[in-house]
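In my numbering, the protein residues as written are 3 to 231. Idealized CB from N, CA, C, for every residue including glycine. Since the model is a prediction, treat every value here as computed from it, not as a measurement. For reference, the structure is listed below as structure tokens.
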């Protein structure tokens, strides 16, 4: 297996697709890779084991609650950025929707347009949260005005479906022009959130040992002077 640098990947895309399409597709490549890794980190923390939730709540509950909210909001916004319209207020966007304009093969263009429509429908809840809760604070929703439509439900399960559709759509284009695809299912975040949780668990066990030694009068206070915190 060979690994290419960022410059090599961009050069390959530009050489094959041309300057404008190649640069746009390379930007989308980076956005989707980043979003995938961020999703993997979020799942490692909040979507694998109940014991991890209990560990975080024991160690630093407000901090990990904040991380959960910030990262979740960031993921929702990430989807909307990738699926935004081609233009916003007259300004062009780097978005999957813009790819359609560069596809010359009419059959593939039709296939791509159908997949984009399906993706945008599946990701409506992300845009709903962005527009009414994350980026803006919707007045009627916040004031609980009679008849106001509630936010669309946003769950890990729904987000997982959306990101798989994004990856699939990206790979459709990559397969069409480069006769290859990205193995997103092989990606992992190690060392990342899981490694951090192991260190927290070890630290909390060490804290119990220290507390016991202090109670027994078997603690040298100089041992804690090397703390980096």
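For residue 29, which beta-bridge partners are listed by DSSP?
Answer by DSSP bridge pairing: none, since residue 29 is not bridged.
Given that a residue counts as buried once 16 or more other Cβ atoms are within 10 Å of its Cβ, and exposed if not, what is residue 201?
Exposed, by the Cβ-count rule.
How many angstroms separate the CA atom of residue 76 from the CA atom of residue 221?
Here the C-alpha atom of residue 76 lies approximately 44 Å from the C-alpha atom of residue 221.
What are the partner residues of residue 135, as DSSP defines its beta bridges?
DSSP, once it has assigned bridges, lists no residue as partnering residue 135.
Leaving aside the five residues before and after residue 87 along the sequence, list all residues of the same chain whose C-beta is less than 8 Å from its C-beta, in chain order.
Within the same chain, residue 87 has close Cβ partners 95, 97 and 99.
What's the C-alpha gap between residue 197 and residue 52?
The C-alpha of residue 197 lies about 17 Å from the C-alpha of residue 52.
If we call anything under 8 Å between Cβ atoms a contact, is residue 143 one with residue 84?
No. Outside cutoff.
Inspect the CB distances between the segment 59 to 75 and the segment 10 to 20 and report whether three or more fall short of 8 Å.
Verdict: no, contact absent.
Excluding the 5 residues preceding and the 5 following residue 110 in the sequence, name in chain order all residues of the same chain whose CB lies nearer than 7 Å to its CB.
In its chain, beyond the 5 residues on either side, 178 have a beta carbon closer than 7 Å to the beta carbon of residue 110.
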